[in-house]
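Peer 1: Anchor point for the sequence shown: position 21 equals 20 in numbering that gives the first Met the number 0, and the numbering is continuous, going up by one each time.
Below is the structure I would like to discuss, written out as structure tokens.
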Amino acid sequence: MATQNVSKKYELTDEIKKVFDSETRQPKHFYRIKALRDFSDVKAGSLGGFIENENNLSHDGNCWVYDNAVVSYGAIVSENAKIRNEAVIAGGAKVYGNAIVSDKAKVYGCDTYVYGNAMVCDNASVSGTMWVRDKGVIYGKCVVNGNAKVYGNAKICGQVYDNAVVYGNAFICIDAKIYDNAKVLNSAHIGGFVYGNAKVSGSAYIYEGAHIFDNARVYGKAVVYKDVKIYGNAALKEKKTFRNDACSNDAISEKVA
């Protein structure tokens, strides 16, 4: 459909995917793309995924939309980003750098940015005022939204939202939730819930069902067992295992295993 130009790397084909807008209930047409020249792992003549128009996918760099992936509704894919499988990028989201979005992942929202070497895959959903960058990996059935930020080498399987921040080599398990103004960093492993203004760092290990909240701090090599609550102004920093609730530093010495 598009007039071939040496500066362009793809054109829109006549193959159309019709999707009905959930709000207007009017049909939207997305067009499968076809490569006009070789670049990266794409060969001239290769078919790609679907875009709404050429504003969705830059002609510069090695960025590409593969398979049956869709980029639409003002979303932009640029630089060397790759959108694969049945992933959907929409609602003004920006994916760039060397980022990869694959499987059935969804990235949307005009303030959502996925870049660097970040990966969003499986059934993950990323939206809101959101930054995913560096080597962050988001996968499983996780949800990341609100004003949350994920970066570094963090791996997210659970839920991160509101103003929460996760970075470093942190690992967020599938049933975990990080929200409010909570921060998780370094090599912390979270299986439970971190919220309020709580902060978990170092090599701390938080088991499933545990709650870290208020202004609590858990760091070093501390281990917090299942269903334990750490809250108030408690600060756990020793290489110890906590099997009981703690709400202040005065109580901590009596609460450790």
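Every residue gets a Cβ at the ideal spot worked out from N, C-alpha and C, and that includes glycine.
When the Cα of G48 is compared with those of V199, K16, A98, which residue comes out closest?
Peer 2: It is K16.
Peer 1: Closer than 8 Å, CB to CB, is F49 near chain D or not?
Peer 2: Structure shown: chain D not included; a single protein chain is present.
Peer 1: Mind checking G44: buried by the 16 CB within 10 Å criterion, or exposed?
Peer 2: When all chains shown are included, G44 counts as exposed.
Peer 1: Considering only C-alpha positions, which residue in the set N144, A86, M118, N122 is nearest to K132?
Peer 2: Reading the sequence as shown, one finds Arg at residue 132 and not Lys. Among N144, A86, M118, N122, the Cα nearest to that of R132 is on M118.
Peer 1: Please report the Cβ distance between A68 and N84, rounded to the nearest whole angstrom; I am assuming they are in contact, meaning their Cβ atoms lie under 8 Å.
Peer 2: Indeed, because the Cβ distance is near 6 Å, the residues count as touching under 8 Å.
Peer 1: Starting from Y107, follow its DSSP beta bridges and name the residues at the other end.
Peer 2: Note: Y107 sits in a beta bridge opposite A89.
Peer 1: How long is the line joining the alpha carbons of Y9 and S39, rounded to whole angstroms?
Peer 2: Approximately 13 Å between the Cα atoms of the pair.
Peer 1: Between which two residues does the beta strand (DSSP E) holding A28 run?
Peer 2: Here the sequence assigns His to residue 28, which means Ala is not the residue at that position. Where H28 is concerned, the enclosing beta strand (DSSP E) stretches over 26 to 34.
Peer 1: When burial is assigned at 16 or more other CB atoms within 10 Å of the CB, is K154 buried or exposed?
Peer 2: By the neighbour-count rule (16 or more Cβ atoms within 10 Å), K154 is buried.
Peer 1: Might you give, ordered along the chain, the residues of its own chain that have their beta carbon closer than 6 Å to the beta carbon of D102, omitting 5 neighbours on each side?
Peer 2: Closer than 6 Å at Cβ, skipping near neighbours: N84, C120, D121.
Peer 1: Taking a contact to mean a Cβ-Cβ separation below 8 Å, would you say G108 touches G90 in this structure?
Peer 2: Contact flag set, yes.
Peer 1: May I have the straight-line CA-CA distance separating C62 from C141, to the nearest angstrom?
Peer 2: The alpha-carbon atoms of C62 and C141 are separated by roughly 25 Å.
Peer 1: Quick check: A187 and A169, are their CB atoms within less than 8 Å of each other?
Peer 2: Closer than 8 Å, so yes.
Peer 1: Could you tell me if the beta carbon of S71 falls within a distance shorter than 7 Å of some heavy atom in the ligand ADP?
Peer 2: With respect to the ligand ADP, the structure shown offers nothing to examine, as it has no ligands at all.
Peer 1: Based on Cα-Cα distance, which residue from I189, A163, S57, I82 lies nearest to I171?
Peer 2: It is I189 whose Cα lies nearest to the Cα of I171.
Peer 1: For R24, is the classification buried or exposed, using 16 other Cβ atoms within 10 angstroms of its Cβ as the cut-off for buried?
Peer 2: So R24 ends up on the exposed side.
Peer 1: With distance defined between alpha-carbon atoms, name the residue in V193, N152, C156, I173 nearest to N185.
Peer 2: The shortest C-alpha separation from N185 is found at N152.
Peer 1: Taking 7 Å as the limit between beta carbons, can you name the residues of its chain near N55, skipping five residues before and five after?
Peer 2: If we look at N55 and ignore the five residues flanking it on each side, its Cβ neighbours are V70, S71, A74, I75, V76.
Peer 1: Is the Cβ-Cβ distance between A197 and F212 less than 8 Å?
Peer 2: Yes, these two residues count as a Cβ contact at 8 Å.
Peer 1: On a Cα-Cα basis, can you pick out the residue from G60, G127, M129, K148 that is closest to K7?
Peer 2: Considering only alpha carbons, the answer is G60.
Peer 1: Short of 6 Å in beta carbon distance, which residues of its chain neighbour G145, apart from the five on each side in sequence? Order them along the chain.
Peer 2: Excluding residues within five positions, the ones whose Cβ falls inside 6 Å are G127, Y160, D161.
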